[in-house]
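Take this note's numbering: the final residue in the sequence shown is number 97, and no numbers are missing along the way. The beta-carbon is built from N, C-alpha and C at its ideal position, and this holds for glycine as well. Heads up: the structure comes next, in C-alpha cells.
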Amino acid sequence: MEPRFFCPNNCGRSYKYKSSVVRHHEFECELQDEMDSRFYCPNHCGRSYKYKRSINRHLKFECGVQPQFVCYICHARFAYNKSKKEHLALVHKIIDF
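Here you go:
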C-alpha cells in the first residue's frame, strides 16, 4: 500500500500526493487550526466567515470587486448570477433559465 498524506487539521482526509493535501488544507478544509476561529477578510471590510470557501467566494465576487452580473434590461449590477435571475423574475417578470 502506498503512503498517504493526511490533512494536518485531522479532518480525516488523506491524499496520494503531498500537493493534493496542501491544496486541500489551503482551500478546502473546513476545520480550523484553532477551535472557534474565523476567517477574516484581508481587505478589512469587517466580514468574517466560518469556512474558508466562504471567504474565497467573498473575495472573488463581493469585496472590492464591481458586481459582474448585469441585467440586460435596466443595467442593474449583481454580485451573483442567482441574484440577477431573481431580479429578472421579480422585477421584469422574465424567467430566464
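Member of the options whose CA lies at the smallest distance from the CA of residue i
| i | options | result |
| --- | --- | --- |
| TYR49 | ARG38, CYS29 and LEU59 | ARG38 |
| HIS25 | CYS71, HIS58, TYR40 and ASN9 | ASN9 |
Continuous alpha helix (DSSP H) stretch holding residue i: start and end
| i | result |
| --- | --- |
| HIS58 | 52-61 |
| ARG23 | 18-23 |
| VAL91 | 81-91 |
For residue i, the residue or residues it bridges with in DSSP
| i | result |
| --- | --- |
| ARG4 | Per DSSP, none; premise fails for ARG4. |
| ARG77 | VAL70 |
(message) Three or more C-beta pairs under 8 Å: does that hold for the segment 82-95 against the segment 53-65?
(response) No, because fewer than three Cβ pairs between the segment 82-95 and the segment 53-65 fall closer than 8 Å, the two stretches do not touch.
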